[in-house]
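Scroll down for the structure; my scribbles are underneath it.
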Amino acid sequence: MQILCLTPIKHLNEVYEYLNSFGCVDYYPNLNKESVKGLIDSFDYDVIFCNPNKQNYLLDEYILTKFNGTILTASTGLNHIDINYCNEKGIKVMSHKEDMKLLNELPSTSELAFGLMSSMLRNIPSGFDDVKNGGWDYDKFMGHQLKGKIIGLIGYGRLGKMMETFCKAFGMTVKIHDPYKGYDNLDLVLKESDIISLHVHVSNETRYIINKKTLGIMKNNSYIVNTSRGEIVNERDIVDALKSGKLKGYATDVIEGEYGNKKNSPILNGVKEGLNILVTPHVGGMTWEGQQKAYMWSINKLKELK
């Protein structure tokens, strides 16, 4: 089996060795789109092994024209892969989307969502930056306690339910929107919540679910936490809401342009403008414990191809 590994795994215990036990591995975790296309055009790979977090390009028709094997991704999200093209060309895509036994052991993304929320409401990053520059004045960094706040969860799957547990432990009231679970009153959740936390996959129903209209329904001076995907929100509308004061803060682990040109990202440009935006570089599932379990589980799926 010829395997092209496009994601870093050598930092994890025995993961590269386990992948190598399934065949011949070409290990290129830091290539750009042109280089990946060149490899796939030149060699007959059976498997592409990937993960969205460090991938700064889309596995699309341009790259996959000469590929007819299997894409194995150690993720639940698939927006780093052109799924429509893969379906059209019969390229099999294997992910963790249905691996609930594994996923229930991976709270990393929900833990990050809670951490982003707490950091944003307590102004932890800006307070720390001020201390590093010699400051020691709390006045500028007074924030809000979590107890008593109302949080609206958009999406009530595995990660949303974990977030609910964390929030209730801190004395927060939880509102839920998830039409597939019988919670379908989005406007009411937006209207009543102090904080909105996003826990959904990208689909036609969820793409840009947070936009100018839905932001207008939200409370003034409310917050949004996004550990789903950048495409769940209209990022320009987020920036406008921050500038107008409608939205008090936006904390995210994802941006819409992360698989392309990040220079044009409204969110990253908003950070440079000094807006109250907190961004982490798609580290949601990237814990030592989480990666170890997810990558080993993912590689084990190669047994299905033998």
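Counting from 1 along the sequence shown, just add 21 to a position and that's the residue number in the numbering used here.
For every residue, glycine included, the Cβ atom is placed at its ideal position computed from N, Cα and C.
Every value quoted in this text rests on a predicted model; they were computed, and no experiment measured them.
First and last residue of the alpha helix (DSSP H) that includes residue i?
i    : result
I259 : E256 to S265
D47  : Here D47 belongs to no alpha helix (DSSP H); instead the beta strand (DSSP E) covers C45 to Y48.
M138 : S129 to L142
P204 : It is worth fixing the name first, because residue 204 is Tyr in this sequence and not Pro. Segment: none, Y204 is in no alpha helix (DSSP H) and carries neither H nor E.
G270 : Where G270 is concerned, there is no enclosing alpha helix (DSSP H), although the beta strand (DSSP E) it sits in stretches over L268 to T273.
L123 : M121 to L124
I320 : W309 to N321
I217 : Element bounds for I217: not the alpha helix (DSSP H) but the beta strand (DSSP E), I216 to L219.
S56  : K54 to S63
V36  : V36 to N41
N290 : P287 to K293
G148 : I145 to K153
Would a C-beta distance cut-off of 8 Å place residue i and residue j closer than the cut-off?
i    : j    : result
V275 : T248 : yes
R257 : P302 : no
N255 : K283 : no
I102 : L123 : no
A95  : A315 : yes
I216 : M163 : no
E252 : E277 : yes
G192 : L167 : yes
L33  : I69  : no
S129 : G295 : no
L207 : H220 : no
R250 : G98  : yes
L236 : A262 : yes
L332 : F43  : Lying outside 22 to 327, the shown extent of the chain, residue 332 is not represented and no answer is given.
K212 : I238 : yes
M307 : V36  : no
L40  : I320 : yes
Taking the beta strand (DSSP E) that residue i belongs to, which residues open and close that run?
i    : result
K234 : Premise fails: K234 lies in the alpha helix (DSSP H), K233 to I238, not in any beta strand (DSSP E).
S243 : S243 to N247
V114 : K113 to M115
V300 : I298 to V300
I172 : I171 to I175
Q23  : Q23 to C26
With 16 other CB atoms within 10 Å as the buried threshold, where does residue i fall?
i    : result
N53  : exposed
S218 : buried
E279 : buried
K187 : First, the residue type needs correcting, since residue 187 is Phe and not Lys in the sequence shown. With 16 or more other Cβ atoms within 10 Å, it is buried.
S140 : buried
M144 : First, the residue type needs correcting, since residue 144 is Asn and not Met in the sequence shown. So N144 ends up on the buried side.
V329 : Limits of the chain in this structure are 22 at one end and 327 at the other, which puts residue 329 out of reach.
E185 : buried
F64  : exposed
P73  : buried
M183 : buried
F88  : buried
G281 : exposed
G291 : buried
K293 : exposed
Y177 : buried
S333 : It is not possible to answer for residue 333, since the shown part of the chain is limited to 22 through 327.
N100 : buried
Can you tell me the Cα-Cα spacing of residue i and residue j, whole angstroms?
i    : j    : result
C45  : V300 : 37 Å
R179 : K58  : 35 Å
P50  : K240 : 43 Å
Y244 : K269 : 6 Å
T194 : S214 : 9 Å
I30  : E126 : 20 Å
G90  : Y83  : 15 Å
Y204 : I298 : 29 Å
M115 : Q23  : 16 Å
L60  : E109 : 22 Å
N105 : I171 : 38 Å
E119 : K161 : 45 Å
H117 : T86  : 25 Å
Y78  : I92  : 15 Å
D47  : I231 : 40 Å
Going by DSSP, name the residue or residues bridged to residue i.
i    : result
I92  : I69 and V114
A190 : Answer by DSSP bridge pairing: none, since A190 is not bridged.
D199 : Y204
L16  : Residue numbering for the chain in the displayed model covers 22 to 327; residue 16 lies beyond these limits and cannot be assessed.
I230 : None, per the DSSP bridge assignment.
L80  : I102
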